[in-house]
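Structure first, then comments.
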Amino acid sequence: MSKLPGNAGVSVLGDKSLEFYRDPVSFCRQRIDKHRSRVFVSRLLNRPTVFICSVEAMRELLCEKSNQFLKDPTDLMTNVYGDTIVTTNGEEACLLRLSFTSLFTGTRLESSSDYITSVCERCLKDLSVRDQPQCGYSVFKHLGTELVLGLFLNVRAEEQPELFEEISQLCTTHWHGLISAPINLKGPLWSSGFSTALDARDKLMDIVKDKLQNDKEGFVGHLGSLPLPDSRAAAQHLLLFISALIPKALASLLTSFTLALSGNEKEETRRRAKEDPDFLHRVLLEVQRLWPPFIGGRRLADQDSTLAGFLVPKDYGVVYISHAIHRDPEVFQEPDSFLPDRWSGRNAGQEHFLCSFGNGPRNCIGPKLTNVFLKEACTYLLEHYDWSLDPPDQDLQYKWLPVSRPADPPTISFTPTGCDTR
Ligand code: HEM
């Protein structure tokens, strides 16, 4: 068994969290180059932490050894969302997954498809009307919010605009608590972001509980009737499902999709994606490979174990870095190039080497819903518009936290298909 490359440093002084959160991609790239290894150790959240940047080690962590590397019940997610499936382990997590999976697959998913189509049409139909470049990310985030609040809470923007607006605002405030320091301070004139977020959470919980009690239709009705472990579980999970996280992740993917296919030089790629659903599928795989919305996920070693042949002591943290895993040159040739056809060639059938939605028994429960939504939104864009960056020379440097997207939101001109974009 070999010793992990890298250095876990001393407590507090050796902590690298700030450096990591500032630029996680450079953080990993530098260490991969320095240690010549895609698995290394550093100190994150003041805990010795193993960084996983290869496909093989990711599969070992999330699949084969998923019972040795567990979710952290004290994760910040628990502070903000309360006890949910995301930070639960063992039998309880299995039971919750069983219950929720039925909500996001099969007939429940099919019954959502008309709503998904109508939301995409309403939010995307006016992109060219004002004859001005649009901030794609904002439009797509609004679209994601309409989708989530309509599907999960039966609150539709066109029917209840004020309630929709109120919940959207509360979700945004609540979300900011996730990324602010967890200090619950409140004064007469000032309150910390975290405390404001907790207030927003309480208001959201009131709305959510009211819905669960009084609305017997659709997703919320079904959730209310599930056999969950305690009376708070349905409300806490509904809060998680309507949170700003999901719209942001959807907006991240749609933004990366529009950027990857923008401009006259991508006209042929857009045409192929419009005419061939299989090619669109490959485009979307390549978009999530290069620009996964979330940088990765975290686990704790529940016992002494190994990863990629390196000893990982009990209580070490382990993070898998999707961005680096998806560019592992052992699996993906020309890893930094956008090559959708790799998914029908060398990488055919290797979707399970991606981890944008996690991997293994604790993967995301929403990829089917996400897929239906993305295909609907992308097909709408492809059928109705050509698009290009406007102005053409924008800085598209990505930031990776909290979700991946260009640090300066790009503006894009959409023109109805058939019009000359030159
Ligand atoms: C673009 C959209 C989405 C992305 C990129 C995404 C990504 C992820 C990732 C990476 C994980 C695994 C985290 C880990 O390994 O620790 C995860 C877990 C999860 N996701 Fe998603 N997700 C998306 C949409 C959704 C949707 C639509 C839902 C349903 C409302 C959902 C519900 C969940 C839940 C409940 C878990 C926890 C599963 C568990 O711990 O067993 N996600 N998601």
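In this text, residue positions in the sequence shown follow this note's numbering: the first is 1, and each later residue adds one. Think of the CB as a built atom: it goes at the ideal place given N, C-alpha and C, for glycine as much as any other residue. None of these values were measured; they are calculated from a predicted model.
According to the DSSP assignment, I52 belongs to the beta strand (DSSP E) that extends over R47 to I52. Restricting attention to K399, S37 and I412, the CA atom closest to the CA of D393 is found in I412. With fewer than 16 other beta carbons inside 10 angstroms of its own, N67 counts as exposed. Shown here, P161 sits in a helix according to DSSP, grouped into three states. When secondary structure is reduced to three states using DSSP, Q68 falls in the coil class, being assigned neither helix nor strand. If you check the CB distance, R282 and D336 do not come in under 8 Å. The ligand HEM never approaches G90 closely enough for any of its heavy atoms to be under 7 Å from the residue's Cβ. Our two residues, F27 and Y316, have alpha carbons roughly 19 Å apart in a direct line.
If you look at R271, you'll find it in the alpha helix (DSSP H) that goes E267 to E275. Proximity of the beta carbon of I365 to the ligand HEM is indicated: a heavy atom of the ligand is located closer than 7 Å. Taking 7 Å as the cut-off, the C-beta of R405 does not count as close to any heavy atom of the ligand HEM. Distance from the CA atom of T172 to the CA atom of P410, rounded to whole angstroms, is 21 Å. At least one heavy atom of the ligand HEM lies closer than 7 Å to the C-beta of P293.
Counting the other CB atoms within 10 Å of its CB gives R232 a total below 16, which places it among the exposed residues. Take the alpha-carbon of L228 and the one of T258: they are about 40 Å apart. The closest CA to that of C94, considering only F353, G360 and L382, is found on G360.
By the Cβ criterion, the region 16-26 is in contact with the region 38-55, since at least three pairs of Cβ atoms, one from each stretch, lie closer than 8 Å. In the DSSP assignment, L44 falls within the unbroken beta strand (DSSP E) covering V39 to L44. Here DSSP, grouped into helix, strand and coil, assigns Y320 to strand. The shortest CA-to-CA distance from R29 to any of V10, F51, R47 and V12 is the one to F51.
The distance from the Cβ of G297 to that of F104 is about 19 Å, inconsistent with a contact at the 8 Å cut-off.
In its chain, beyond the 5 residues on either side, Q68 and K314 have a beta carbon closer than 8 Å to the beta carbon of Q303. Membership of F27 in the alpha helix (DSSP H) is indicated by the continuous run P24 to H35.
If you draw a 10 Å sphere on the C-beta of R327, you find 16 or more other C-beta atoms in it, and that means buried. Each of F100, D83, P5 and E92 was checked against the Cα of C53, and the nearest Cα belongs to P5.
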